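Per this note's numbering: the sequence shown = residues 227 to 566. From the three backbone atoms N, C-alpha and C, an ideal C-beta is built for every residue, glycine too. Here the structure is a predicted model, which is why all the values come from computation and not from measurement.
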Amino acid sequence: MTISEAPHTTSDTTERIPLSFNQEFLFNFDRGEEEGPFGPKYNIVCGWRVSGKIEDAILQDALNDVVVRHEALRTLIVRDGDDRYQKVVPATPPILVTHDFTDIAPDGRELRAEELLVDIELGAYGIRELPLLRAVLGRFDDDDSVLVLIAHHSAADEWSMRLIMRDLAGFYAARTGHTAELPEVTQYKEFARWQTSEAGQAASSKREYWREKLAGGGILATPTDHLRSEGLPKTTAWHRFWLPAELTTKVLEISKSRRSSPFMVLLAVYATLLRQTTGTTDIVVPTFTSGRGQTRFHDTVGSFFNFVPLRIDLAGCDTFLEAVDRTRATCIQAWSNDIP
Numbered sequence: 227m228t229i230s231e232a233p234h235t236t237s238d239t240t241e242r243i244p245l246s247f248n249q250e251f252l253f254n255f256d257r258g259e260e261e262g263p264f265g266p267k268y269n270i271v272c273g274w275r276v277s278g279k280i281e282d283a284i285l286q287d288a289l290n291d292v293v294v295r296h297e298a299l300r301t302l303i304v305r306d307g308d309d310r311y312q313k314v315v316p317a318t319p320p321i322l323v324t325h326d327f328t329d330i331a332p333d334g335r336e337l338r339a340e341e342l343l344v345d346i347e348l349g350a351y352g353i354r355e356l357p358l359l360r361a362v363l364g365r366f367d368d369d370d371s372v373l374v375l376i377a378h379h380s381a382a383d384e385w386s387m388r389l390i391m392r393d394l395a396g397f398y399a400a401r402t403g404h405t406a407e408l409p410e411v412t413q414y415k416e417f418a419r420w421q422t423s424e425a426g427q428a429a430s431s432k433r434e435y436w437r438e439k440l441a442g443g444g445i446l447a448t449p450t451d452h453l454r455s456e457g458l459p460k461t462t463a464w465h466r467f468w469l470p471a472e473l474t475t476k477v478l479e480i481s482k483s484r485r486s487s488p489f490m491v492l493l494a495v496y497a498t499l500l501r502q503t504t505g506t507t508d509i510v511v512p513t514f515t516s517g518r519g520q521t522r523f524h525d526t527v528g529s530f531f532n533f534v535p536l537r538i539d540l541a542g543c544d545t546f547l548e549a550v551d552r553t554r555a556t557c558i559q560a561w562s563n564d565i566p
């Protein structure tokens, strides 16, 4: 179906939609709307360098189309004591901010793009500021720009950001006279309903696996300068760096030879580091899965990611390749028993 043929979705604004398990999980860390997962700092930011001329008005219209297409970007999470649910509201235009960077020399553009991302990541974007998507465009010249999308993390995950960018490009193309194809989209509320009606019941057998797998275990982490219990302000920082081609090439070579993914290889590196720094061979580290086992939700914008603790036994493990093999086995078992 082409975009021009796609009907604009309509929603019942009085509908009380159950929360997904991911959203319920966030309530374990609820600290109001000033901080925590429902606060203005729980956002996901992604940036792209864009080649070619961008018309601000068309970009704004395409952003509007994205918000209409994906209900999660215009959904309120109602929190009234124990009464918690989602509520979809009518679409409104998302904020688009533009910056003139035409005074930046070509050799300084990459750095300025990085600085823009950092500035945006430091911003505050509240969960009540619907829609839960906004954009920033920095224009270096007529053919070179940086486009940054910001979404509240309760409404979108990293997978969703790629979908949003894909759809934004498609809507922009359609509004400039080009043909663009987008798949049918299933709304996030359908995922929440599926979880509460079916997924929870099907997970009972998998819970036994996790009870046995995690019995007696404890999550490990690298040592920190301050104890978490010291009550210091919960601030974080980003450190961006390049991995040299020699290293990434070697990771890919090991991945191929051990029938593993690059993630498994790098996780084995981290597990080996924890064994060296803590002295234990029972390594438990937390990570996340995509939470999108159902293919019908692969084009759905929403917060799907699922918390998973990975327990790796490195006892008697003499070589790094052995560590990779054990890490691979742990990951496959965990993903086979993934439950919300």
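Whole-Å CB distance - residue i paired with residue j, under 8 Å assumed
{"i": "L492", "j": "V477", "result": "7 Å"}
{"i": "L547", "j": "R484", "result": "7 Å"}
{"i": "A350", "j": "L299", "result": "Their Cβ separation, rounded to whole angstroms, is 18 Å, which puts A350 and L299 out of contact at 8 Å."}
{"i": "I216", "j": "A471", "result": "As displayed, the chain neither begins before 227 nor continues past 566, which places residue 216 out of reach and without an answer."}
{"i": "L356", "j": "V315", "result": "6 Å"}
{"i": "A382", "j": "I270", "result": "6 Å"}
{"i": "S430", "j": "V527", "result": "With 8 Å as the limit, S430 and V527 do not qualify as a contact, their Cβ atoms being about 29 Å apart."}
{"i": "T412", "j": "F366", "result": "Rounded, the Cβ-Cβ distance is 38 Å, inconsistent with contact."}
Neighbourhood of residue i by C-beta distance below 6 Å, restricted to the same chain and skipping five residues each side
{"i": "L654", "result": "The structure shown has nothing for residue 654, since the chain only spans 227 to 566."}
{"i": "D309", "result": "none"}
{"i": "G443", "result": "V510 and R537"}
{"i": "K313", "result": "L302 and V304"}
Bridge partner(s) assigned by DSSP for residue i
{"i": "W274", "result": "L373"}
{"i": "R365", "result": "D326 and S371"}
{"i": "I509", "result": "I538"}
{"i": "Y311", "result": "V304"}
{"i": "N532", "result": "T515"}
{"i": "H378", "result": "N269"}
{"i": "E259", "result": "R257"}
{"i": "I321", "result": "R360"}
{"i": "E243", "result": "Strictly speaking, residue 243 in this sequence is Ile, with Glu absent from that position. Beta-bridge pairing links I243 to Q312."}
Closest Cα partner of residue i within the set the options
{"i": "E250", "options": "V292, I270 and R305", "result": "R305"}
{"i": "F531", "options": "E241, I243, F247 and K267", "result": "F247"}
{"i": "V362", "options": "V374, A447 and T240", "result": "V374"}
{"i": "S323", "options": "I538, K313, Q286 and E355", "result": "Checking the displayed sequence, the identity of residue 323 turns out to be Val instead of Ser. Ranking the options by Cα distance to V323, first place goes to Q286."}
{"i": "G396", "options": "V292, S430 and G444", "result": "V292"}
{"i": "R552", "options": "S516, Y435 and V495", "result": "V495"}
{"i": "T513", "options": "A471, P535 and T412", "result": "P535"}
{"i": "M490", "options": "R554, R392, G457 and I509", "result": "R554"}
{"i": "A399", "options": "S562, G542, G258 and K279", "result": "K279"}
{"i": "R522", "options": "E416, T503 and S430", "result": "E416"}
{"i": "T503", "options": "L446, V315 and F366", "result": "L446"}
{"i": "G519", "options": "A497, S562 and V527", "result": "S562"}
{"i": "F533", "options": "D544, S516 and L499", "result": "S516"}
{"i": "I439", "options": "L499, L469, V372 and D508", "result": "Per the sequence shown, the amino acid found at residue 439 is Lys instead of Ile. The shortest Cα separation from K439 among L499, L469, V372 and D508 belongs to D508."}
{"i": "E297", "options": "A317, G307 and D282", "result": "A317"}
{"i": "G258", "options": "G307, D370, E340 and L469", "result": "G307"}
Same chain, Cβ closer than 8 Å to residue i, neighbours up to 5 away in sequence not counted
{"i": "S380", "result": "Q249, L252, P263, F264, Y268, I303, I353, L358 and S529"}
{"i": "D368", "result": "K279"}
Rounded separation between residue i and residue j - CA only
{"i": "A560", "j": "L337", "result": "39 Å"}
{"i": "I284", "j": "T402", "result": "8 Å"}
{"i": "E384", "j": "L473", "result": "25 Å"}
{"i": "L389", "j": "G364", "result": "21 Å"}
{"i": "A549", "j": "D564", "result": "22 Å"}
{"i": "D539", "j": "W274", "result": "40 Å"}
{"i": "T448", "j": "R454", "result": "12 Å"}
{"i": "E479", "j": "R360", "result": "40 Å"}
{"i": "R433", "j": "E424", "result": "15 Å"}
{"i": "P319", "j": "F255", "result": "30 Å"}
{"i": "W436", "j": "S277", "result": "48 Å"}
{"i": "L394", "j": "H465", "result": "28 Å"}
{"i": "A331", "j": "Y414", "result": "43 Å"}
{"i": "T405", "j": "E260", "result": "43 Å"}
{"i": "R392", "j": "T475", "result": "28 Å"}
{"i": "R335", "j": "F467", "result": "17 Å"}
{"i": "T240", "j": "P266", "result": "25 Å"}
{"i": "A579", "j": "A441", "result": "Because residue 579 is not part of the residues shown, which for the chain are 227 to 566, the question remains open."}
{"i": "R501", "j": "T556", "result": "16 Å"}
{"i": "G542", "j": "D333", "result": "51 Å"}
{"i": "L342", "j": "L499", "result": "33 Å"}
{"i": "I346", "j": "V372", "result": "13 Å"}
{"i": "T450", "j": "D282", "result": "45 Å"}
{"i": "I321", "j": "V344", "result": "19 Å"}
{"i": "E340", "j": "N290", "result": "26 Å"}
Distance cut-off 7 Å: residue i Cβ against heavy atoms of the ligand ATP
{"i": "G262", "result": "The model depicted lacks the ligand ATP and carries no ligand whatsoever."}
Contacting residues, own chain, Cβ-Cβ under 7 Å from residue i (five flanking each side not counted)
{"i": "S487", "result": "S481"}
{"i": "Q421", "result": "S246, F247 and P566"}
{"i": "L458", "result": "H452"}
{"i": "Y311", "result": "R242, I243, P244, L245 and V304"}
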